[in-house]
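A.B. asks: Counted from 1, the sequence shown has number 192 at position 121 by the working numbering; the numbering is strictly sequential. Just so you know, even glycine gets a beta-carbon here, dropped at the ideal spot from N, CA and C.
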Amino acid sequence: MLMVTPRGMIIHRDADAKEQSVVERIELWKRAIDVIDSEPWFGTGINTYNVAHEKYDTAKNWRVRGYYAHNGYLQLAAEIGIPGILFFLLFLAFYFRRAWRSASALRGTSEELDRLGMITGLLAFLIYALADTNLQSPQSLMSFWILAGALAAQTRTQARPELAKF
Numbered sequence: 072m073l074m075v076t077p078r079g080m081i082i083h084r085d086a087d088a089k090e091q092s093v094v095e096r097i098e099l100w101k102r103a104i105d106v107i108d109s110e111p112w113f114g115t116g117i118n119t120y121n122v123a124h125e126k127y128d129t130a131k132n133w134r135v136r137g138y139y140a141h142n143g144y145l146q147l148a149a150e151i152g153i154p155g156i157l158f159f160l161l162f163l164a165f166y167f168r169r170a171w172r173s174a175s176a177l178r179g180t181s182e183e184l185d186r187l188g189m190i191t192g193l194l195a196f197l198i199y200a201l202a203d204t205n206l207q208s209p210q211s212l213m214s215f216w217i218l219a220g221a222l223a224a225q226t227r228t229q230a231r232p233e234l235a236k237f
C-alpha cells in the first residue's frame with residue numbers, strides 16, 4: 072500500500088504488518104506454552120488465562136499484549152491442563168468418527184450432503200481455533216454446540232428411527 076501524506080512524504084507498507092502479526096502470535100503461543108508448563112495437570116482454571124498469562128511475559132513486551140493466546144487449543148490447555156485438553160480432543164475425535172460413519176452410510180442421498188455440510192462447518196470452526204480464541208467465546212461456542220447437537224440427533228435417529236417420531 073502506498074500512501075502520500077500532506078507533506079509529500081511517501082509511506083510504503085507491504086508484508087511487514089502480516090509478518091508482525093505472525094511474530095506476535097508466535098510470542099503469544101510461547102507464552103501460552105509457558106503457562107501450560109507451569110500448570111500441566113489442572114491448568115490455571117477456566118477463563119483465567121487473561122490474568123494468569125501476565126506473569127509469563129518475561130520480556131514485558133507490551134507491544135504484544137496478549138489477553139488471549141490466539142490459539143484456542145493452547146489457551147484451553149493452559150486453563151484446564153493437559154489431561155483436560157486431551158480428553159476434549161479425544162471426545163471430538165470420537166464425535167467426528169461417528170458423524171462421518173453416519174454420513175457415509177447415507178451415500179448418495181441428500182441427508183449425506185446435509186451431514187457432510189454440518190461436519191464441514193464444525194471442522195472449519197475447529198480449524199479457525201488454531202489461530203484465534205473462538206473456543207473461549209460463548210457466542211461462538213453456542214453456535215458450535217447447537218450445530219453439533221443437531222448433527223448428533225440426526226446420527227442418533229438414523230440408528231433408532233423411532234426417535235425421529237414426535
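(1) To which residues of the same chain is Met80 closer than 8 angstroms at the C-beta, ignoring the five residues directly before and after it?
(2) Does DSSP put Pro209 in a helix, a strand or coil?
(3) Nearest by alpha-carbon distance to Phe215: which of Thr228, Thr226, Ala200 and Thr180 is it?
(4) Hey, how far is the Cα of Ser208 from the Cα of Thr191?
(5) Thinking Ala164 and Ala103 are a contact (beta carbons under 8 angstroms), I'd like their distance in whole angstroms, please.
(6) Sorted by chain position, which residues of the same chain lie with C-beta nearer than 7 angstroms to Leu218's C-beta, five sequence neighbours on each side aside?
(7) Ends of the alpha helix (DSSP H) at Arg178?
(8) Are the beta-carbon atoms belonging to Asn118 and Tyr138 less than 8 angstroms from one another?
(9) Should the segment 106-117 be regarded as contacting the segment 170-181, the criterion being three or more beta carbon pairs within less than 8 angstroms?
(10) Going straight from the alpha carbon of Glu182 to that of Gln225, what length do you get?
(11) For the putative contact between Arg186 and Leu222, defined by C-beta atoms under 8 angstroms, what is the C-beta separation to the nearest angstrom?
(12) Mapping the DSSP letters down to three states, classify Trp112 as helix, strand or coil.
C.D. replies: This is what the structure gives:
(1) As a first step, residue 80 is located in the sequence shown; it is residue number 9 there, counting from the start. The predicted model places Met80 with a pLDDT of 47, which falls under 50 and marks its position as unreliable, so this point remains unresolved.
(2) Numbered from its first residue, the sequence shown carries residue 209 at position 138. DSSP places Pro209 in helix when its eight states are reduced to three.
(3) Counting from one through the sequence shown, the residue named residue 215 turns up at place 144. Among Thr228, Thr226, Ala200 and Thr180, the Cα nearest to that of Phe215 is on Ala200.
(4) As a position in the sequence shown, residue 208 is number 137, starting the count at 1. As a position in the sequence shown, residue 191 is number 120, starting the count at 1. Each residue's alpha carbon lies about 20 angstroms from the other.
(5) As a working note, residue 164 is residue 93 in the sequence shown. As a working note, residue 103 is residue 32 in the sequence shown. Contact between Ala164 and Ala103 does not hold, since the beta-carbon distance rounds to 22 angstroms and is not under 8 angstroms.
(6) Taking the sequence shown and counting its residues from 1, the one referred to as residue 218 is at position 147. Hits under 7 angstroms: Met189, Gly192 and Leu193.
(7) Taking the first residue of the sequence shown as position 1, residue 178 is located at position 107. Per DSSP, Arg178 belongs to no alpha helix (DSSP H) and is neither H nor E.
(8) In the sequence shown, residue 118 corresponds to position 47, counting from 1. In the sequence shown, residue 138 corresponds to position 67, counting from 1. No, the Cβ-Cβ distance between Asn118 and Tyr138 is not below 8 angstroms.
(9) Between the segment 106-117 and the segment 170-181 there are fewer than three C-beta pairs closer than 8 angstroms, too few to call the two in contact.
(10) Position 111 of the sequence shown, counted from the first residue, corresponds to residue 182. Position 154 of the sequence shown, counted from the first residue, corresponds to residue 225. Straight-line spacing of the CA atoms in Glu182 and Gln225 works out to 9 angstroms.
(11) Here residue 186 is taken as the residue at index 115 of the sequence shown, counted from 1. Here residue 222 is taken as the residue at index 151 of the sequence shown, counted from 1. The beta carbons of Arg186 and Leu222 sit about 6 angstroms from each other, so the pair counts as a contact at 8 angstroms.
(12) Translated into positions along the sequence shown, residue 112 becomes position 41. Of the three classes helix, strand and coil, the one that applies to Trp112 here is coil, per DSSP.
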